[in-house]
Amino acid sequence: MAYLVAKAGSIKADDLILEPSAGTGLLAQMAKLHSASLMLNELAPDRSKILRRLFPGTPLFSVNAEQINDYLVGKTQPSVVLMNPPFCASPKISSRNPDATKSHINSALQRLADGGRLVTITANWFSPANPSWRETFVRWHSEARVLMSVGVNGKVYSKHGTTIDTRITVIDKVPADSSEIPCLLKLWICLKYWH
Numbered sequence: 003m004a005y006l007v008a009k010a011g012s013i014k015a016d017d018l019i020l021e022p023s024a025g026t027g028l029l030a031q032m033a034k035l036h037s038a039s040l041m042l043n044e045l046a047p048d049r050s051k052i053l054r055r056l057f058p059g060t061p062l063f064s065v066n067a068e069q070i071n072d073y074l075v076g077k078t079q080p081s082v083v084l085m086n087p088p089f090c091a092s093p094k095i096s097s098r099n100p101d102a103t104k105s106h107i108n109s110a111l112q113r114l115a116d117g118g119r120l121v122t123i124t125a126n127w128f129s130p131a132n133p134s135w136r137e138t139f140v141r142w143h144s145e146a147r148v149l150m151s152v153g154v155n156g157k158v159y160s161k162h163g164t165t166i167d168t169r170i171t172v173i174d175k176v177p178a179d180s181s182e183i184p185c186l187l188k189l190w191i192c193l194k195y196w197h
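My numbering puts the first residue of the sequence shown at 3, with every later residue one more than the last.
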């Protein structure tokens, strides 16, 4: 999945990549393979320690990524954002927060440089085809171009102990050239290569 996200990011060596919820750095590692510069953020102290060891000298922040744009004011804007935000969890909130994904993407999209690209992994329910989230995607599409949003069958994760369906969404921070948002329900080709 990290490979697909990096591929969708069209990463070049002169890009500055932001991973707002870097976790253990799988997406960042794919960007590093393209010789791109990195900016990482991870709120959890244990995962931040892992990132410091894996990416020495890389700027590493420890802020709530739902407000990453506000926290990084004055910092260089990334040309690419690769992200796998929490599906419905927010710091200091014990119950599920269904707006967490939207908040993470909103803030990262604001931080992204004009002309840049954001690629995100979300739960499959966070889709432009889902009436609950349609307005969010339409709003993004009015300010940027939602290139695609494609579902990924959860069976690809079965060997890792989960089968939750996910979704890859690609957004370019350029004016949209149409009102249509490409939305594919499932990316079955992945199963052919991963099983």
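C-beta: ideal position from N, C-alpha, C; glycine also.
Next item on the list: Counting only the same chain and skipping the five closest in sequence on each side, list residues whose C-beta sits under 6 Å from that of A178.
Entry: Excluding sequence neighbours, A178 sits near H143, R147.
Next item on the list: Quick one: residues in its chain with C-beta nearer than 6 Å to the C-beta of Q112, no 5 flanking neighbours on either side, listed in chain order?
Entry: The answer, listed in chain order, is N71.
Check: Which residue comes first and which comes last in the beta strand (DSSP E) that contains D72?
Finding: It is not in any beta strand (DSSP E) - D72 instead sits in the alpha helix (DSSP H) that spans 70-73.
Notebook entry, point to check: For P133, is the classification buried or exposed, using 16 other Cβ atoms within 10 angstroms of its Cβ as the cut-off for buried?
Noted result: Result: exposed.
Note to self: For A170, report the span of its alpha helix (DSSP H) as first-last.
What the structure shows: The sequence given here places Ile at residue 170; Ala does not occur at that position. No alpha helix (DSSP H) holds I170; the beta strand (DSSP E) holding it covers 168-174.
Check: Alpha carbon to alpha carbon, what distance is there between L28 and L74?
Finding: If you take the alpha carbons of L74 and L28, they lie about 22 Å apart.
Checklist line | Spatial distance of I13 from P100 (CA atoms) | finding: Their backbone Cα atoms lie some 30 Å apart in a straight line.
Note to self: By the DSSP assignment, the alpha helix (DSSP H) with S144 in it spans what residues?
What the structure shows: Residue range 136-145 is occupied by the alpha helix (DSSP H) that includes S144.
Notebook entry, point to check: What did DSSP end up calling S160 once you bin it into helix, strand or coil?
Noted result: If DSSP states are grouped into helix, strand and coil, S160 belongs with the helices.
Next item on the list: Inspect the beta-carbon positions of V82 and I19 and report whether they are closer than 9 Å.
Entry: By the CB criterion at 9 Å, V82 and I19 fall inside the cutoff.
Notebook entry, point to check: At a cut of 8 Å, does the segment 51-62 reach the segment 114-132 through at least three beta carbon pairs?
Noted result: Between the segment 51-62 and the segment 114-132 there are fewer than three inter-stretch CB-CB distances shorter than 8 Å, so the stretches are not counted as touching.
Check: Can you check whether the CB of K175 is closer than 9 Å to the CB of L84?
Finding: Pairing L84 with K175 gives a Cβ-Cβ distance that is not under 9 Å.
Next item on the list: Let me know the secondary structure DSSP gives V65 once reduced to three states.
Entry: Here V65 sits in coil by DSSP.
Margin query: With H, G and I counted as helix, E and B as strand and the rest as coil, what does DSSP make of S81?
Written below: Here S81 sits in coil by DSSP.
Notebook entry, point to check: Can you give the beta carbon distance from E44 to L35, rounded, assuming they're within the 8 Å contact cut?
Noted result: Not confirmed; about 20 Å, so no contact.
Checklist line | Alpha carbon of F63 to alpha carbon of L149, nearest angstrom | finding: Approximately 29 Å, taken between the alpha carbons.
Item checked: Where S39 falls: helix, strand or coil (DSSP) -> S39: strand per DSSP, three-state reduction.
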